[in-house]
Amino acid sequence: MVQFIGTYKHESDENLEEVFIKMGMGFLMRKLALRSKPTVEVEVDGDTWTITTKVVFSVEDDKLIQTPVENQGDRVMTSVRHFTSDGLIQTLTHTASGTVATRHYKRV
């Protein structure tokens, strides 16, 4: 069995912009979201598993801006994380259209 616990650094994306377009995300927000390079930490405490995603935010005036990946309505996405011996592959599927994106992370 692959070891889940650890820290993973984002390496690349496949088809992510297309998923954001299907979600109806505007041009500017899409470009900001595509620039994010999150770090994922997986921890366990007894029977409780925690996945923490650290993302760099943008700042506009007095606002801290995060572009959410998961929303409601026709913006719903499912997220599946597949752990390998050297990293993590996250598959994001836009529920309404079936459009799929993949994010690749390397274990650090």
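For the record, in the sequence shown the residue sitting at position 40 is 37 according to this note's numbering, with numbers rising by one throughout. We treat Cβ as the ideally placed atom computed from N, Cα and C, and that holds for glycine. Predicted, not measured: the structure shown is a model, and the values here were computed from it.
Separation of residue 45 from residue 17, as counted between CA atoms: The straight-line gap from Cα to Cα measures roughly 31 Å.
Can you find the residues in the same chain that come closer than 6 Å, C-beta to C-beta, to residue 94, ignoring five residues on each side of it along the sequence? The residues 19, in chain order, have a CB closer than 6 Å to that of residue 94 in the same chain once the five nearest residues on each side in sequence are set aside.
Which listed residue (1, 104, 5 and 77) has its alpha carbon closest to that of residue 42: Of the candidates 1, 104, 5 and 77, the one whose C-alpha sits nearest the C-alpha of residue 42 is 1.
Is the beta carbon of residue 102 sitting closer than 7 Å to the one on residue -1? Against a cut-off of 7 Å, the Cβ pair of residue -1 and residue 102 comes out as no contact.
Helix, strand or coil at residue 20 [DSSP, three-state]: Coil at residue 20, not helix or strand.
Cβ shell of residue 92 (< 7 Å), same chain only, five flanking positions each side left out: Contacts found: 73, 74 and 75.
How about residue 34 and residue 105: are their beta carbons less than 7 Å apart? Their beta carbons are not under 7 Å apart, which means residue 34 does not touch residue 105 by this criterion.
In this structure, does DSSP put residue 34 in helix, strand or coil? Reduced to three states, the DSSP call for residue 34 is coil.
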